[in-house]
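Scroll down for the structure; my scribbles are underneath it.
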Amino acid sequence: ARVEPPASPKAAAVAAALWAVHPLGTEAVANVAGRADLLMTAGVLGAINAHLLVASSDGRARLAWLMVVGAATLLAASAKETGVTVVALLVLIDLVREPDDRTRHWPSWLAAGLATALYLAARAAAIGDAPVTPFPFVDNPIAGAEGLQGRLTAMVVAGRYLRLALWPATLSADYSFAQLPLASGTPSDWLHGALVAVFLAVTVWAGLRRHVAFALLGASLLTFLPASNLLFATGTVMGERLAYLPLAFALAAVAATVFARPLTPAQTRTALGAAAVVVAAFAIRTVVRNADWRDEVSLWTATVRAAPLSFKSHGNLAEALYRADPTRANIDRVIDEKTVSVSLLAGLPRPEETSKPYMELATYHLERGDLRDRQADAREGARADYQRAADLLRTYLQLLDRSSATTDADRARAQLMLATAEGHVTTGGAAVDTARAALARQPFEPMAYRTMASALFAAGNAGEAAASLLTGFMLTGDQELRGVAIDLYRRGLDPEGCALRSGPAGITLNVDCAVVRQHLCAATAGAAAVQRAAGRPEMAAQIEQSMNGRCG
3 ARVEPPASPK AAAVAAALWA VHPLGTEAVA NVAGRADLLM TAGVLGAINA
53 HLLVASSDGR ARLAWLMVVG AATLLAASAK ETGVTVVALL VLIDLVREPD
103 DRTRHWPSWL AAGLATALYL AARAAAIGDA PVTPFPFVDN PIAGAEGLQG
153 RLTAMVVAGR YLRLALWPAT LSADYSFAQL PLASGTPSDW LHGALVAVFL
203 AVTVWAGLRR HVAFALLGAS LLTFLPASNL LFATGTVMGE RLAYLPLAFA
253 LAAVAATVFA RPLTPAQTRT ALGAAAVVVA AFAIRTVVRN ADWRDEVSLW
303 TATVRAAPLS FKSHGNLAEA LYRADPTRAN IDRVIDEKTV SVSLLAGLPR
353 PEETSKPYME LATYHLERGD LRDRQADARE GARADYQRAA DLLRTYLQLL
403 DRSSATTDAD RARAQLMLAT AEGHVTTGGA AVDTARAALA RQPFEPMAYR
453 TMASALFAAG NAGEAAASLL TGFMLTGDQE LRGVAIDLYR RGLDPEGCAL
503 RSGPAGITLN VDCAVVRQHL CAATAGAAAV QRAAGRPEMA AQIEQSMNGR
553 CG
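The structure is reproduced here in structure tokens:
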């Protein structure tokens, strides 16, 4: 039978078709955050193509292609740090080529190197001496692992990428804690480690034979290394979009291995037929996967199925469900998903790094408590929600106390929420004490005064509640605080019926009414004290003068 010569166009077509429809690339294409990977990929492939044309060009055309090499390299590096591998990729490609004159290649290396140096200089100038923030353990357990265990885990994760390249049945938008544990010698660890060993062995074999697959497999490895956690820890333990460019080179290596040798017509038909079947299967899986990216709820529902041990998958599904239904008819499911998310954080080595889910779950319980509290037959359930919210907020505050990155605003917000919850489940002054602590941290926050007033009112101190609201109004000018104070007088705080009067500006407080004057005087003293503590004595004096000597 007649033997066909090496069919590079067929190899290129098959590689392009496989890469175009491979399900593992869905995240880079469908996700808006994948734009960086797409731009970086365009730059890397553009630089390689321009480099191949430099050696076969002369004169102005050669200079033009050199400029394209530099521009494409700059695009790749600026889009994503992986782009700095362009120089190494160009050298690697030349190792398996048989150039007539190797001196025709180094100008491309130089153009790519200068572009990379320009990017690194710009990056250094932009970042300067900014401190490096440690990566949270929940995003990348490898960053918190010691020595060899971290590197072994990175190898296992690399094997997971290879498995998904071969069999992309289960894809996930998140692999955070505790979906991918540190390597511990499980059968899964050995399996994925074996896949990496096979990949490296094939690469070495191709290199010894000076096969084109060596350059392609090597390029796949080079472009994967910066995000692999093998050299240094990154911001994520695993992300499918990170495999977008490495996958292109790996698929090209497979196609080149099959088609870069002489084939009989029958062998060619068989190879193309097999490739068509794989392309069709990948295309179907990709269409199904694209549907997962339709909206936030569908995405995180699919992620929970694929990565049930990821705390973020359950937490993000809860938040997506919450945003999707303003009526809160799905609040039970929201709480269920967030509860699973929080439960998965049990045993976290540094829980203070990931305290926010506790506060978020408490928020959902508070809201469900309010919904149930308006239903006579659901008030027991409301009390349980408020109690659960209080417990979660106390845990959250304890974690905040252990964190060096916490602000007074964080603590004050949590204390205000806790005071609200405590006001529903306690009869003592716990809610008042908590609200007072929050107010001390945020004395110019209107919500702090409203929460304080609610706690005081629930404790039977309606007069102090009115004074607190008026203090907040004097300090912040928030009209809602004034409106709530007026409502208190309407609800029985005005036994003499003189607290309010109507005028051109609407309902106002009657300063000549004894009960109003008493509360205003208390508010004036409190507001003036806050202004003096804040270093504003002139503002304090103005507040005191506003009462025109009515307060003794």
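For what it's worth, my numbering labels the leading residue of the sequence shown as 3, then goes sequentially. Ideal Cβ positions, reconstructed from N, Cα and C, are used throughout, including at glycine.
Whole angstroms is fine: what's the gap from residue i's alpha carbon to residue j's?
i	j	result
residue 403	residue 229	33 Å
residue 425	residue 493	19 Å
residue 508	residue 483	16 Å
residue 456	residue 525	16 Å
residue 201	residue 132	38 Å
residue 312	residue 302	11 Å
residue 235	residue 142	8 Å
residue 61	residue 86	28 Å
residue 109	residue 327	59 Å
residue 34	residue 521	55 Å
residue 122	residue 114	12 Å
residue 36	residue 27	10 Å
residue 495	residue 386	31 Å
residue 31	residue 417	43 Å
residue 251	residue 54	16 Å
residue 499	residue 518	11 Å
residue 244	residue 125	21 Å
residue 151	residue 441	47 Å
residue 3	residue 246	Bear in mind that a pLDDT of 40 at residue 3, under 50, signals an unreliable position, so the number given afterwards is only what the model happens to contain. Rounded to whole angstroms, residue 3 to residue 246 spans 40 Å at the Cα level.
residue 596	residue 502	There is simply no residue 596 to check, as the chain begins at 3 and stops at 554 in what is shown.
residue 450	residue 406	24 Å
Could you tell me whether any Cβ in chain B is nearer than 8 Å to the Cβ of residue i?
i	result
residue 219	You won't find chain B in this structure, because it holds only one protein chain.
According to DSSP, residue i sits in a beta bridge with which residue or residues?
i	result
residue 504	509
For my contact list, residue i and residue j are in at a C-beta cut-off of 8 Å; report their separation, rounded to the angstrom.
i	j	result
residue 448	residue 474	6 Å
residue 397	residue 421	That pair is no contact at about 16 Å.
residue 298	residue 316	Not really, about 14 Å apart at Cβ, beyond 8 Å.
residue 112	residue 50	No, residue 112 and residue 50 are not in contact; Cβ-Cβ is about 16 Å, not under 8 Å.
residue 94	residue 224	7 Å
residue 180	residue 346	6 Å
Would you identify the three-state DSSP class for residue i, choosing helix, strand or coil?
i	result
residue 68	helix
residue 238	coil
residue 523	helix
residue 543	helix
residue 33	coil
residue 216	helix
residue 292	helix
residue 231	coil
residue 432	helix
residue 136	coil
Within the same chain, show all residues whose beta-carbon is closer than 7 Å to that of residue i, passing over the 5 residues directly before and after it, in chain order.
i	result
residue 25	170, 173, 284, 287, 288 and 291
residue 443	410, 413 and 414
residue 336	320, 323, 324 and 366
residue 240	159, 162, 177 and 182
residue 146	139 and 351
residue 80	121
If I measure Cβ to Cβ from residue i and keep anything under 8 Å in the same chain, skipping five residues before and after, which residues do I get?
i	result
residue 401	353, 354, 357 and 360
residue 13	254, 257, 258, 260, 261 and 262
Which residues in the same chain as residue i place their Cβ atom closer than 6 Å to its Cβ, once the five residues preceding and following it in sequence are excluded?
i	result
residue 529	473, 476, 477 and 545
residue 408	402
residue 389	427
residue 384	371, 374 and 375
residue 445	532
residue 541	533
residue 333	370
residue 469	521, 524 and 525
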